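A.B. asks: With the numbering used here applied, the sequence shown closes on residue 140, and no number is skipped along the way.
Think of the CB as a built atom: it goes at the ideal place given N, C-alpha and C, for glycine as much as any other residue.
Quantities reported herein were computed from a predicted structural model and do not represent experimental measurements.
Got a structure for you, questions after.
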Amino acid sequence: PVLTLKLLTQWTAGLSKGGAFATLRDLVRAFESACHLDDVDDLRGKPKVAKEDTNPRFKFRIVSGLVFERLMRLCVTKMHLFFGAYLEMQDLANAAPRKINPQGSVRWKRVANVAKAYVKTVVSFIETLTDPAMV
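Below, the structure written as structure tokens:
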């Protein structure tokens, strides 16, 4: 499916309140898709023909620059709040920086693979940055 600004806004509103697991997972998958656009599209924006099946994790198409920019900004600056809300941790937005243990949440086992995918994608994204001011 194509990721739209409306869908992104709905996800943000839902995740701010603790949201559903599927919404958190879909946001991370959309982030993965955005970070790997060059892996699935050629320079004309058409899908590359791969010898193997394309990765099903890259399930969202991002065709708008505005949606791409908002998705990237949201995932880099707010994802820790969404994970905290889902894991029912204390209010991370208003608390002083501190160590937290997400494994203490009963929901951790369900979201652990999504969190791992998010961290791997962030690391991959940071490795592609070329402007020192961005890092």
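Look at K11 and A90 and say whether their C-beta atoms are less than 8 Å apart.
C.D. replies: Taking the sequence shown and counting its residues from 1, the one referred to as residue 11 is at position 6. Taking the sequence shown and counting its residues from 1, the one referred to as residue 90 is at position 85. Not in contact: K11 and A90 (Cβ atoms no closer than 8 Å).
A.B. asks: Do S38 and I67 have their CB atoms nearer than 8 Å?
C.D. replies: As a position in the sequence shown, residue 38 is number 33, starting the count at 1. As a position in the sequence shown, residue 67 is number 62, starting the count at 1. Going by C-beta atoms, S38 is nearer than 8 Å to I67.
A.B. asks: Assuming V116 and F36 make a contact with CB atoms under 8 Å, what is their CB distance in whole Å?
C.D. replies: Position 111 of the sequence shown, counted from the start, is the residue given in the question as residue 116. Position 31 of the sequence shown, counted from the start, is the residue given in the question as residue 36. Actually they are not in contact, since the Cβ atoms of V116 and F36 sit about 15 Å apart, beyond 8 Å.
A.B. asks: Give every residue of the same chain whose Cβ lies closer than 6 Å to the Cβ of V33, excluding the five residues on either side of it in the sequence, and list them in chain order.
C.D. replies: Residue numbering aside, residue 33 sits at position 28 when the sequence shown is read from its first letter. These residues qualify, in order along the chain: V119, A122 and Y123.
A.B. asks: Where DSSP assigns a beta bridge to V7, which residues make up the other side?
C.D. replies: Position 2 of the sequence shown holds residue 7. For V7, which the question treats as bridged, DSSP gives the partners R66.
A.B. asks: What do you reckon, are the CB atoms on L79 and T17 nearer than 8 Å?
C.D. replies: The residue given as residue 79 occupies position 74 in the sequence shown. The residue given as residue 17 occupies position 12 in the sequence shown. Yes; because the gap between Cβ atoms is below 8 Å, this pair is in contact.
A.B. asks: Check each candidate in S129, K114 and P6 and name the one with the smallest Cα separation from F88.
C.D. replies: The residue given as residue 88 occupies position 83 in the sequence shown. Ranking S129, K114 and P6 by Cα distance to F88 puts K114 first.
A.B. asks: Locate the alpha helix (DSSP H) running through M84, then write down its first and last residues.
C.D. replies: Taking the first residue of the sequence shown as position 1, residue 84 is located at position 79. Note, M84: alpha helix (DSSP H), M84 to Y91.
A.B. asks: Please list the terminal residues of the continuous alpha helix (DSSP H) segment that includes A25.
C.D. replies: Looking up residue 25 in the sequence shown gives position 20. Unbroken run through A25: none, as it is neither H nor E.
A.B. asks: Quick one: grab the DSSP three-state call for T14.
C.D. replies: Residue numbering aside, residue 14 sits at position 9 when the sequence shown is read from its first letter. Note: T14 maps to helix in three-state DSSP.
A.B. asks: Any idea if V72 is buried or exposed, counting beta-carbon neighbours within 10 angstroms, 16 or more meaning buried?
C.D. replies: What you label residue 72 is simply residue 67 of the sequence shown in a count that begins at 1. It is buried - the Cβ of V72 has at least 16 other Cβ atoms within 10 Å.
A.B. asks: Does DSSP classify V111 as helix, strand or coil?
C.D. replies: For the purposes of this step, residue 111 is taken as residue 106 along the sequence shown, with counting starting at 1. Residue state, collapsed to three classes: coil.
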